[in-house]
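To start, the structure under review is shown below, and the notes come after it.
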Amino acid sequence: MSRLPAVVRGWRGLAVCKSCILRRFSIQPAQQKKIPNRYLGQPSPFTHPHLLKPGEVTPGLSQVEYSLRRHKLMALIQKEAQGWEGLDHTVILLSNPTYYMSNDIPYVFHQDTNFLYLCGFQEPDSILVLQSLPGKALPSHKAILFVPRRDPSRELWDGPRSGTDGAVALTGVDEAYTIEEFGHLVAKLKGESNKVWYDVTKPVHKELHSDYMQPLAELKARSKNHIQSIRHLVQNLRLIKSPAEIERMKIAGRVTAEAFVETMFARKSPVDEAFLYAKFEFECRARGADILAYPPVVAGGNRSNTLHYVKNNQLIKDGELVLLDGGCESSCYVSDITRTWPVNGRFTKPQAELYQAVLDIQKSCLSLCSPGVSLENIYSLMLSLIGQKLKDLGILKSSITDSHFFKCHQKVQPNFSVFLPAASSAPLRVTAGIHGVIWRMQWGTGLPWS
Numbered sequence: 018m019s020r021l022p023a024v025v026r027g028w029r030g031l032a033v034c035k036s037c038i039l040r041r042f043s044i045q046p047a048q049q050k051k052i053p054n055r056y057l058g059q060p061s062p063f064t065h066p067h068l069l070k071p072g073e074v075t076p077g078l079s080q081v082e083y084s085l086r087r088h089k090l091m092a093l094i095q096k097e098a099q100g101w102e103g104l105d106h107t108v109i110l111l112s113n114p115t116y117y118m119s120n121d122i123p124y125v126f127h128q129d130t131n132f133l134y135l136c137g138f139q140e141p142d143s144i145l146v147l148q149s150l151p152g153k154a155l156p157s158h159k160a161i162l163f164v165p166r167r168d169p170s171r172e173l174w175d176g177p178r179s180g181t182d183g184a185v186a187l188t189g190v191d192e193a194y195t196i197e198e199f200g201h202l203v204a205k206l207k208g209e210s211n212k213v214w215y216d217v218t219k220p221v222h223k224e225l226h227s228d229y230m231q232p233l234a235e236l237k238a239r240s241k242n243h244i245q246s247i248r249h250l251v252q253n254l255r256l257i258k259s260p261a262e263i264e265r266m267k268i269a270g271r272v273t274a275e276a277f278v279e280t281m282f283a284r285k286s287p288v289d290e291a292f293l294y295a296k297f298e299f300e301c302r303a304r305g306a307d308i309l310a311y312p313p314v315v316a317g318g319n320r321s322n323t324l325h326y327v328k329n330n331q332l333i334k335d336g337e338l339v340l341l342d343g344g345c346e347s348s349c350y351v352s353d354i355t356r357t358w359p360v361n362g363r364f365t366k367p368q369a370e371l372y373q374a375v376l377d378i379q380k381s382c383l384s385l386c387s388p389g390v391s392l393e394n395i396y397s398l399m400l401s402l403i404g405q406k407l408k409d410l411g412i413l414k415s416s417i418t419d420s421h422f423f424k425c426h427q428k429v430q431p432n433f434s435v436f437l438p439a440a441s442s443a444p445l446r447v448t449a450g451i452h453g454v455i456w457r458m459q460w461g462t463g464l465p466w467s
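Just so you know, this note's numbering puts the end of the sequence shown at 467, numbered straight through with nothing missing.
Below, the structure written as structure tokens:
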């Protein structure tokens, strides 16, 4: 304790990041509560020590990491709320509900990503609330979870629930209550002095929204104290990845890459697209992936020119190329990789030339990925290089100008620009000093032959 004043004096005399100071002094591990000695609604260090270390909420991400995210969000609200003196601030995020494929047969539950990002809680029908503290300035706040009540009869069918004690001990939030008690909080938010941050236009849980948030939003609108959107602030936080997040993303990428290699070795011709789909999913799951990140595209021949071809039910013939666009989800982080290879293991001469052209373009664009370069600039270079390569291969006439090619490319091959912000009026730019932004680059060229 005696060293703290000297450290603070040193900070005041140096141009250092304020958030780093907050991280050092304001976000400290709370007094950890003992995880209940029973199964919760998600893995815990007690029941799944092979997945989680003590203090982790989800694999690789600690209670401190989630607490820091909430702290940063309230700091952003502090900036947004400048000039709104005398107001209490309350952030509300809803979890996803359980979706059903028929009657009582549920789909595998997948949590809303913004809710998950701020607390790591993976049960449906829950609410996260961040409240400013009376008499204290933002970003000081308390975190509260409202969760499903423990119910032995329902748990017999659906599996264990964490309950309020499990939610607090696992996630490290300050308080937890049953979902039925959320109505008491809503009643307190109706006053003029309460500013509510919530996504009215895109509610993720329609029932909780209609029961609680829609009436509150209508009341606030009548009093001109409109509810403020929170989605854009959370998205801004999620753009920059922490070292722990990058490690999780590397794991998802490695698992997917290894699954790709094994799927390529399963080559034979003819082969059913469904077989390669199953092989890829098996190899991902066998390496620890939770689920696939999205329905994969497994397309042989000209079907690979359909951007979201997910039927995956045709035979791939000898001599054709197969395109696999797939990824996995591992510990809440996903991967997305696309590769093309000859189903019989041998490129024809035209296939090899086109493949090499796309590979050369990829390497050229990747060499530009550095702070200060916008994605729009890389996108423009990619178009120019593709146009030139297609001319070199004799696929395009040499008389076609770049400007004409740029105008026509969307009609010729729409997947050129799907994943890059060519139409954005404010292209994403990574500047020096900003670390942890993940860029994803994916493109190709498709021709109506194998």
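Just so it is clear, CB atoms sit at the ideal spot from N, CA and C, and this is done for glycine as well.
When the alpha-carbon of residue 127 is set against those of 313, 104, 307, 294, the nearest one is in 307. For residue 415 against residue 361, the beta-carbon gap comes to about 33 Å, at or over 8 Å, which does not count as contact. In this model, residue 234 and residue 320 are separated by some 47 Å (Cα to Cα).
A residue is called buried when at least 16 other Cβ atoms come within 10 angstroms of its Cβ; residue 367 does not meet this threshold and is exposed. The beta-bridge partner set that DSSP reports for residue 214 consists of 108, 245. Counting only the Cα atoms, residue 172 lies some 26 Å from residue 135. The C-alpha of residue 240 is placed about 47 Å away from the C-alpha of residue 264. When DSSP reads this structure, residue 356 sits in a beta bridge with 341. Excluding residues up to 5 positions away in sequence, 60, 76 lie with their Cβ nearer than 6 Å to the Cβ of residue 68 in the same chain.
A distance below 7 Å between beta-carbons, with the five flanking residues on each side excluded, links residue 370 to the following residues of its chain, in chain order: 410. Collapsing the DSSP output to three states places residue 50 in coil. Segment contact: the segment 244 to 259 against the segment 79 to 90, three or more CB-CB distances shorter than 8 Å; contact assigned.
Under DSSP, residue 163 forms a beta bridge with 144, 194.
The alpha-carbon of residue 309 is positioned some 6 Å away from that of residue 344. For residue 279, the enclosing alpha helix (DSSP H) begins and ends at 260 to 282. Only residues of its own chain outside the window of five on either side were considered, and among them 309 have a CB closer than 7 Å to the CB of residue 298, listed in chain order. Under the DSSP definition of a beta bridge, residue 317 partners with 339. Under the 8 Å Cβ criterion, the segment 205 to 217 counts as touching the segment 98 to 108, having at least three qualifying pairs. Under the three-pair Cβ rule at 8 Å, the segment 315 to 329 does not count as touching the segment 260 to 278.
Straight through space, the alpha carbons of residue 250 and residue 230 are spaced by roughly 19 Å. Looking at the backbone, the Cα of residue 193 and that of residue 166 are separated by about 11 Å. Distance between residue 143 and residue 318, taken at the CA atoms: about 46 Å. With contacts defined by Cβ atoms closer than 7 Å, residue 315 and residue 332 do not form a contacting pair.
Cβ neighbours of residue 289 within its own chain (closer than 7 Å, five residues either side excluded): 332. Counting C-beta atoms within 10 angstroms of its own C-beta, residue 396 has 16 or more neighbours from the protein chains shown and is therefore classed as buried. Sorting 56, 279, 119, 113 by C-alpha distance to the C-alpha of residue 182 places 56 at the top. Rounded to whole angstroms, the gap between the alpha carbons of residue 281 and residue 259 is 33 Å.
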